[in-house]
Each structure stands twice: as C-alpha cells, then as structure tokens.
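Numbering (my numbering), first residue to last: 5 to 109. So the structure is just underneath, and the comments pick up after that.
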Amino acid sequence: MRRVVVTGLGMVSPLACGVEETWKRLISGENAANTITRFNADNFATNYACEIPFGDGSNGTFNPSDWMEPKERRKVDDFILYGMAAADMAVADSGWSPKEEEDFF
5 MRRVVVTGLG MVSPLACGVE ETWKRLISGE NAANTITRFN ADNFATNYAC EIPFGDGSNG
65 TFNPSDWMEP KERRKVDDFI LYGMAAADMA VADSGWSPKE EEDFF
C-alpha cells in the first residue's frame, strides 16, 4: 500500500461553493442561515436552516450540472454530489493532473 497526499482544498458549504468565495464570506461575517426553501417546513419548530445555495454556478452558487449529468444525479443523494464536487475541486487545487487511468489509483 502506498501513501497518498492531496494538497488541495475543495469546499461546498452553505456560505458558497468554492474555497475562495466561502472564505471571503466567512471572514466578512456573512450568515448562511435563511428560510428553508427546499421543502415545506411549516410543521417544524423552525423554518430556518443553512442550505447549499443552488444556482447557475456564478457568485458562489452550486450548479449540480457542473459536476454530474442530470441523468446520473437522480441516482445519488445531494450529499454525495457535494462530496464529489468538493473532492474534484481539491484535486484540481492540488495541481495533480493524472495522465492515464492507472494514475488515479
């Protein structure tokens, strides 16, 4: 077994999608809590949460189509997609660019 170190960062958070935008919003003191929009929360004690900001991928929003085809996306929960996107960003940030399939393992 060989050791592997990926020296890159990737982030999908309620503040933003991407390390730089998330960090900028974090240090400026922005709050990600807002009214729940992804489901009807009328029967819950609160209707506030920190949701991932969906959009077209600009201004820190998360565009699922940037990371996975819609047909494939229906097969996974959102948290899987967030993890895959963050991992992909981390690998890209590290500068590692595998040339052949064998380099992935």
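We put the CB at the ideal spot given by N, CA and C, even for glycine.
Residue i versus residue j - alpha carbon distance
{"i": "residue 65", "j": "residue 19", "result": "9 Å"}
{"i": "residue 27", "j": "residue 62", "result": "16 Å"}
{"i": "residue 106", "j": "residue 55", "result": "37 Å"}
{"i": "residue 38", "j": "residue 95", "result": "31 Å"}
{"i": "residue 32", "j": "residue 5", "result": "43 Å"}
{"i": "residue 50", "j": "residue 76", "result": "33 Å"}
{"i": "residue 58", "j": "residue 103", "result": "32 Å"}
{"i": "residue 100", "j": "residue 60", "result": "26 Å"}
{"i": "residue 93", "j": "residue 87", "result": "10 Å"}
{"i": "residue 53", "j": "residue 46", "result": "13 Å"}
{"i": "residue 48", "j": "residue 40", "result": "11 Å"}
{"i": "residue 23", "j": "residue 82", "result": "19 Å"}
{"i": "residue 79", "j": "residue 8", "result": "29 Å"}
Near the ligand ATP: residue i beta-carbon under 7 Å from a heavy atom
{"i": "residue 92", "result": "Ligands are entirely absent from the displayed structure, and the ligand ATP is therefore not among its contents."}
Proximity to residue i [Cα-Cα], best of the options
{"i": "residue 98", "options": "5, 14, 7 and 79", "result": "14"}
{"i": "residue 16", "options": "49, 43 and 29", "result": "29"}
{"i": "residue 21", "options": "70, 74 and 8", "result": "70"}
{"i": "residue 90", "options": "7, 5, 40 and 12", "result": "12"}
I'd like the ranges of any alpha helix (DSSP H) spanning at least 4 consecutive residues and lying wholly in the stretch 14 to 96.
23 to 31 and 74 to 77
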